[in-house]
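All remarks here apply to the structure that follows.
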Amino acid sequence: MAARIVIVDYDMGNLQSVRNAFKAVGYQAEISPDPASVLHADGIVLPGMGAFGNGMRKLAERDLIDPILEFATGGRPVLGICLGMQLLFEYGEEYGGGPGLGLLTGRATRLPDTVKLPQIGWNLVEPVAAAHPIFEGLDQPYYAYFDHSYAAADVAPADVAAVTDYGRVFPSVVARRNIIGIQFHPEKSSRVGLQMLTNFGRIVCHSRSTLR
Amino acid sequence: MPLARRIIPCLDIKNGRVVKNVNFHHGTWDAGDPVELAAMYDRQGGDEVVFLDINASWEQRSATLDILTRAAEQVFIPLTIGGGVTAVEHVRSYLRAGADKVSINTGAVKDPDLINQSAEIFGSSTIVIAIDMKRRPTGGWEVYLQGGRTPTGIDGLKWAEEAWRRGAGELLVTSMDADGTRNGYDMELHQALANLVDIPVIASGGAGTLDHIAEVLTTGKADAALVASIFHSGQYTVDDAKQYLAAKGVPVRR
Chain A
833 MAARIVIVDY
843 DMGNLQSVRN
853 AFKAVGYQAE
863 ISPDPASVLH
873 ADGIVLPGMG
883 AFGNGMRKLA
893 ERDLIDPILE
903 FATGGRPVLG
913 ICLGMQLLFE
923 YGEEYGGGPG
933 LGLLTGRATR
943 LPDTVKLPQI
953 GWNLVEPVAA
963 AHPIFEGLDQ
973 PYYAYFDHSY
983 AAADVAPADV
993 AAVTDYGRVF
1003 PSVVARRNII
1013 GIQFHPEKSS
1023 RVGLQMLTNF
1033 GRIVCHSRST
1043 LR
Chain B
-1 MPLARRIIPC
9 LDIKNGRVVK
19 NVNFHHGTWD
29 AGDPVELAAM
39 YDRQGGDEVV
49 FLDINASWEQ
59 RSATLDILTR
69 AAEQVFIPLT
79 IGGGVTAVEH
89 VRSYLRAGAD
99 KVSINTGAVK
109 DPDLINQSAE
119 IFGSSTIVIA
129 IDMKRRPTGG
139 WEVYLQGGRT
149 PTGIDGLKWA
159 EEAWRRGAGE
169 LLVTSMDADG
179 TRNGYDMELH
189 QALANLVDIP
199 VIASGGAGTL
209 DHIAEVLTTG
219 KADAALVASI
229 FHSGQYTVDD
239 AKQYLAAKGV
249 PVRR
């Protein structure tokens, strides 16, 4: 049986484009709002656009927080994209602030007002932990497509896998063992984005064969 | 670090095929299947693709929704769709079909609150306000509607500023004087826009050479250049344009 990748549907943004991109690189990902699907997956993807507080509220409404935490602490791969990456942290300051999933040290803060917000467009991603399997085939700095106003801050230095400069230098990819976060949109970043999703698919397959 | 300047191929679509109107109303030629062309532009290094549906009414757009769905399966750069959007529900159906951004033109002039409502519901970064402008003999520019057929008496720069303040995430501004001429973008217009609004401006109309594109992205201060005929005709590829821009020191994604 092929590895089961579940895209967590918590009603925050376009999930179909993430599924399309996985399909283009050979992985049939399933979109599901169901806590049981999350628990039985081999790898989960937490996508999402929108406000941090709304994101956590929707996860709570669908009883998804505990299953995601249980899944992640079991060592299976988690990929957070955009808002989904920000939710991996302890805290998000958007609209008064609130707690996140707390899977990674750090918080999501607003980018400085010295630059146009949201950041919409292609910016440089510079891997600082190029040995991580999420960067296989991508050791040079590359452009990726961003669309966000908040970004990670106070991240444990060992977890910063790539950085990007927009108003401030922020972690654009974070990785701590099985937990991976990508601030930009790999599903909209053409060839390099598809390469990262391919790499995540491989990480899930590898984890599945070692955890079993 | 400045964002990469974007090269955005634009596909005018009608009845499921790509067409490019020259000077808006004079002869047209058929340039192919929109999804195939969009995928080709993704491979060539296009930074986004804009589809403009030039069918006359919303009811004729089911073919377009289908094109979007197919494009979203095969094209992995942002997709913008415009044409006939006069209600929040139109924005929603385009986004549901697979668009990342929706461009609103006439609908926003007739009901400016549509900008605020759409930006609040879907986020500013999904809402592009498209404006067609023509130079006034007395100076400045005037907004035209219905693909350039109907003058409005509205000042172009004033409308651009209002669209920004109402929540537009980007402006897509076409100079109707330059469009289809291949004589270069209206540099004065794009400079004036860049000095006026604090959101990205996509310059449209007039690209005939790679130097025209370089010019509007540097002196013209535009964030992105919309390009149609010189790509569709095969005269240049997106990669040709990117190479040319990189050699001139313009930050582009390669």
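Protein chains in written order, with the working numbering: chain A, 833 to 1044; chain B, -1 to 252. Beta carbons are placed, not taken as given, at the ideal position from N, Cα and C, and that holds for glycine. Treat the numbers as computed from the prediction; the structure is a model and nothing was measured.
Item: Below 8 Å on the Cβ atoms is my guess for Val73 (chain B) versus Asp40 (chain B); work out the distance and round it to an integer in Å.; Value: 5 Å
Item: On a Cα-Cα basis, can you pick out the residue from A:Ile897, A:Arg942 and A:Gly938 that is closest to Pro989 (chain A)?; Value: A:Gly938
Item: Under DSSP, the beta strand (DSSP E) around Glu213 (chain B) begins and ends at which residues?; Value: Glu213 (chain B) -> not in any beta strand (DSSP E); alpha helix (DSSP H) instead, spanning Leu208 to Leu215.
Item: Exposed or buried, what is Asn1031 (chain A) when buried is set at 16 or more other beta-carbons lying within 10 Å of its beta-carbon?; Value: buried
Item: Please report the residue range of the beta strand (DSSP E) in which Phe49 (chain B) lies.; Value: Val47 to Asp51
Item: Taking 8 Å as the CB-CB cut-off, is Ser864 (chain A) touching chain B?; Value: no
Item: Starting from the N-terminal side, write out each stretch of the alpha helix (DSSP H) that is 4 residues or longer and does not extend beyond the region 887 to 957 of chain A.; Value: 897 to 905 and 915 to 918
Item: Should Glu1019 (chain A) be labelled buried (16 or more other beta-carbon atoms within 10 Å of its own) or exposed?; Value: buried
Item: I need the straight-line Cα distance from Pro879 (chain A) to Gly845 (chain A), nearest angstrom please.; Value: 8 Å
Item: Is Ile129 (chain B) helix, strand or coil when you go by DSSP?; Value: strand
Item: Beta carbons nearer than 7 Å to chain B: which residues of the region 959 to 978 of chain A have them?; Value: Tyr975 and Tyr977
Item: Flag Glu926 (chain A) as yes if its beta-carbon sits less than 8 Å from any beta-carbon of chain B, otherwise no.; Value: no
Item: Please indicate yes or no: does the CB of Thr216 (chain B) lie closer than 7 Å to some heavy atom of the ligand FAD?; Value: As presented, the structure is devoid of all ligands, the ligand FAD included, so that no description of it is given.
Item: Taking the beta carbon of Asp841 (chain A) as the centre, do at least 16 other beta carbons fall within 10 Å, making it buried, or is it exposed?; Value: buried
Item: Can you name the residues that DSSP bridges to Ile876 (chain A)?; Value: A:Val838 and A:Val910
Item: What are the residues of the region 1019 to 1031 of chain A that lie near chain B, defined by any Cβ-Cβ distance shorter than 9 Å?; Value: Glu1019, Lys1020, Ser1021, Ser1022, Arg1023, Gly1025 and Leu1026
Item: Can you give me the C-alpha to C-alpha distance between Val20 (chain B) and Thr179 (chain B), rounded to a whole angstrom?; Value: Any reading at Val20 (chain B) needs caution, since the residue's pLDDT is 40, under 50, leaving its predicted position unreliable; the model's value is listed next. Answer to the nearest angstrom: the Cα atoms are 8 Å apart.
Item: If you draw a straight line from the C-alpha of Glu87 (chain B) to the C-alpha of Gly30 (chain B), how long is it?; Value: 29 Å
Item: Taking its Cβ as the centre, do 16 or more other Cβ atoms sit within 10 Å of Arg851 (chain A), making it buried, or is it exposed?; Value: buried
Item: If you compare alpha carbons, which of B:Ala95, B:Ala166 and B:Gly44 is closest to Ile129 (chain B)?; Value: B:Ala166
Item: For a quick check, are the C-beta atoms of Ala220 (chain B) and Ala201 (chain B) less than 8 Å apart?; Value: yes
Item: What does Ile913 (chain A) reach in chain B if we use C-beta pairs closer than 9 Å?; Value: Going along chain B, no residue has its Cβ under 9 Å from Ile913 (chain A), so there is no contact; the nearest lies around 14 Å.
Item: Interface residues of chain A around Pro198 (chain B) at Cβ under 8 Å?; Value: Lys948, Ile952 and Gly953
Item: Does any residue of chain A have a CB that is nearer than 8 Å to the CB of Pro76 (chain B)?; Value: yes
Item: By the DSSP assignment, the beta strand (DSSP E) with His188 (chain B) in it spans what residues?; Value: That residue, His188 (chain B), is in no beta strand (DSSP E); its alpha helix (DSSP H) goes Met185 to Leu194.
Item: Specify whether the region 950 to 958 of chain A and the region 971 to 990 of chain A touch according to this definition: at least 3 beta carbon pairs, one from each stretch, less than 8 Å apart.; Value: yes
Item: Candidates B:Ala85, B:Met38, B:Glu46 and B:Gly137: which alpha carbon is nearest Glu186 (chain B)'s?; Value: B:Gly137
Item: So Met881 (chain A) contacts chain B; which residues on that side make the cut at Cβ distance below 7 Å?; Value: Gly121
Item: Taking the beta carbon of Ile119 (chain B) as the centre, do at least 16 other beta carbons fall within 10 Å, making it buried, or is it exposed?; Value: exposed
Item: Taking the alpha carbon of Ile6 (chain B) as the reference point, which residue from B:Trp157, B:Ala223, B:Thr124 and B:Arg15 has its own alpha carbon closest?; Value: B:Ala223
Item: Check the Cβ-Cβ distances between Ser849 (chain A) and every residue of chain B, and say whether any is below 8 Å.; Value: yes
Item: If you compare alpha carbons, which of B:Asn181, B:Glu160 and B:Val17 is closest to Leu208 (chain B)?; Value: B:Asn181
Item: So Asn852 (chain A) contacts chain B; which residues on that side make the cut at Cβ distance below 7 Å?; Value: Ala70 and Glu71
Item: Short check: CB of Leu66 (chain B) to CB of Ala95 (chain B), under 8 Å?; Value: yes
Item: In or out: Lys12 (chain B) buried (at least 16 other Cβ within 10 Å) or exposed?; Value: buried
Item: Among residues of its own chain, excluding the 5 on either side of Pro865 (chain A), which ones have a beta-carbon nearer than 6 Å to its beta-carbon?; Value: Asp841 and Arg894
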